[in-house]
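These notes concern the structure reproduced below.
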Amino acid sequence: MDNPILVTKSSIPAFEEYTEEIKDIWNTHWLSNMGIKHQKLEAELKRYLQADYLTLCTNGHLALETAIQAMQLTGEVITTPFTFASTTHAIVRCGLTPVFCDIKEDTYTIDENKIEELITERTSAILPVHVYGNVCNLEKIEQIALKYGLKVIYDAAHTVGVTYQGKGIGSFGDASVFSFHATKVFNTIEGGAICCKDITLHERFYSIKNFGMNTEGEVIGLGGNAKMNEFQAAMGLCNLRHLTENIEKRKQIVNRYRKHLQEISGITFVDEQDKVQHNYAYFPILVDQKQYGMNRDEVCDLLKEANIFARKYFYPLTSEFGCYRKLFPIQRTPIAERIAEGILTLPLYPDLEWSIVDQICEIIRIGQRHGEKND
Ligand SMILES: *Cc1c(COP(=O)(O)O)cnc(C)c1O
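Position 239 of the sequence shown, counting from 1, maps to 402 under our numbering, and the rest follow consecutively.
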């Protein structure tokens with residue numbers, strides 16, 4: 164293969180579509196601070212995500228920190244280590260202690276049956292991750308939160324466009340945080356948003372992202388700067404027009420991967436979830452070395468030889484980061500450990516050619532024969 168195939172390729176509109184969109188910016192000289200593009204994108208995304216309230220932010224990570232700050236949490240936050248660094252860093256940077264809960268084998272999301280045993284008198288919130296776009300057990304998590312008086316913030320970075328029982332995924336928990344980073348299903352170059360149901364909380368998000376100011380510009384509390392600028396919002400307006408079509412294309416590709424890989428022993432993947440409309444954000448496979456005959460790293464290398472770059476998302480677990488070691492106790496999460504050892508995220512983006520998908524599957528299929536021979 165001539166050009167390297169990377170795990171993702173950022174969605175961008177036609178050049179002219181973007182230049183048309185940013186013309187107004189030249190007319191108004193309004194570059195940031197909740198201008199026209201920002202207002203328009205906020206309204207359109209609110210509708211698309213079916214959110215009661217939505218606050219745009221400059222990126223998903225600061226959206227997460229803003230949400231945590233606004234919630235005035237203290238002490239411990241129960242979360243999972245099978246995620247991107249951002250989730251755990253946000254908790255720690257806000258002065259809180261992450262408590263790691265194990266994940267489930269079928270969806271890689273937080274194991275709702277292991278949350279209660281981790282609750283102490285210091286616990287103030289649960290911060291689960293809809294990892295790869297797989298939806299957490301929303302009902303059970305809500306029950307636990309109610310029973311113990313805990314807040315719930317969902318890291319919904321992977322779930323733009325996902326619905327549960329027809330409802331936008333951002334309408335669950337006290338807040339849900341999305342990422343619109345270049346590598347995500349929907350991008351504003353860099354960007355993010357916080358969705359919530361409570362207007363007071365929404366106003367606090369707005370204030371914290373804008374130096375603690377209210378809409379009149381008076382400082383009413385402590386805040387930072389997490390505002391989305393007009394060029395980001397303009398990119399979002401363009402990309403949003405193509406999102407539904409792009410998710411459909413992703414679905415076709417995922418179905419093709421599933422069809423080709425389902426017969427290979429030692430290779431498994433997450434199925435469609437009941438009552439969930441997916442966004443096909445990622446296609447991770449789990450390599451079981453015993454059955455497949457080769458480990459995850461070897462499969463990754465095999466693809467690399469063909470100029471195909473799969474990624475070891477999410478490995479290592481965030482609980483293994485050296486920077487946390489002396490800060491707080493680290494809970495063991497055996498299932499997350501095993502998944503992180505075997506997981507490999509395959510290339511997936513809307514215009515990924517089907518012939519390349521076929522080739523990737525063929526490499527994995529032949530790889531297994533090698534594995535069997537080595538036994
Ligand atoms: C991408 C991501 C974030 C952070 O979003 P950015 O927009 O890149 O700052 C947070 N959590 C998860 C799980 C992510 O994948």
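Backbone N, C-alpha and C define an ideal beta-carbon position, used for all residues, glycine too.
Q: Inspect the beta-carbon positions of M234 and A338 and report whether they are closer than 9 Å.
A: yes
Q. Taking the alpha-carbon positions, what's the T251 to G258 distance?
A. 11 Å
Q. Nearest to N105 by CA position, among L480, H423, Y369, is which residue?
A. Past the edges of the chain, shown from 164 to 538, lies residue 105, and the structure says nothing about it.
Q.
Taking the straight line between their C-alpha atoms, what separation do you get for L301 and E275?
A. 9 Å
Q. Out of curiosity, what's the CA-to-CA distance linking D538 and I427?
A. Reliability fails at D538, whose pLDDT of 47 lies under 50, so the model's placement of it is uncertain and the value that follows must be treated cautiously. Straight-line Cα distance between these residues: approximately 17 Å.
Q: Use the C-beta contact count for N350: other C-beta atoms within 10 angstroms, 16 or more gives buried, fewer gives exposed.
A: buried
Q. From L406 to E284, what distance separates their C-alpha atoms?
A. 43 Å
**Q.** Heavy atom of ligand 1 within 8 Å of T272 beta-carbon
**A.** no
Q | Nearest to S174 (by Cα), restricted to the options K186, A444, G530 | A | A444
Q: Could you tell me which residues DSSP pairs with D460 in its beta bridges?
A: In DSSP, D460 forms no bridge with anything.
Q: Pick out the complete alpha helix (DSSP H) segments inside the stretch 329-417, 4 residues or longer, and give them in chain order.
A: 362-372, 393-404
Q | Endpoints, beta strand (DSSP E) assigned at K475 | A | Careful: K475 lies outside any beta strand (DSSP E) and carries neither H nor E.
Q: Sort out for me which residues DSSP pairs L507 with in a bridge.
A: Answer by DSSP bridge pairing, in chain order: I448.
Q: Provide the residue(s) that pair with K314 in DSSP beta bridges, ordered along the chain.
A: A288
Q. Roughly how far, in whole angstroms, is the beta-carbon of T272 from the beta-carbon of Q440, given that I think they are within contact range, below 8 Å?
A. Incorrect: roughly 16 Å between the Cβ atoms, too far for contact.
Q. Between the stretch 331-348 and the stretch 479-486, do three or more beta carbon pairs fall short of 8 Å?
A. no
Q. Under three-state DSSP, which class holds D538?
A. For D538, the predicted structure reports a pLDDT of 47, less than 50, and the residue's modelled location is therefore unreliable. A value from the coordinates is still provided. Correct three-state label for D538: coil.
Q: For P510, collect the residues of the same chain with a Cβ closer than 6 Å to its Cβ; drop the 5 residues on either side in sequence, then sort them by chain order.
A: The answer, listed in chain order, is I168, V170.
Q: Could you tell me the boundaries of the alpha helix (DSSP H) in which E179 lies?
A: 178-191
Q) For ligand 3, any of its heavy atoms closer than 8 Å to the Cβ of L480? A) With respect to small molecules bound, the structure shown includes ligand 1 and not ligand 3.
**Q.** Close-in-space but distant-in-sequence residues of the same chain around A396 (CB under 6 Å, 5 per side omitted)
**A.** K200, H201, L204
Q.
According to DSSP, E239 sits in a beta bridge with which residue or residues?
A. For E239, the beta-bridge partners assigned by DSSP are T260, T286.
Q: Quick one: measure Cβ to Cβ for V340 and L227, integer angstroms, because I've assumed they're closer than 8 Å.
A: 5 Å
Q.
Check for me: the beta strand (DSSP E) holding Y216 runs from which residue to which?
A. 216-220
(Q) Using DSSP's beta-bridge definition, name the partner residues of I168. (A) For I168, which the question treats as bridged, DSSP gives the partners I471.
Q | Bridge-paired residues (DSSP) for Q440 | A | T326
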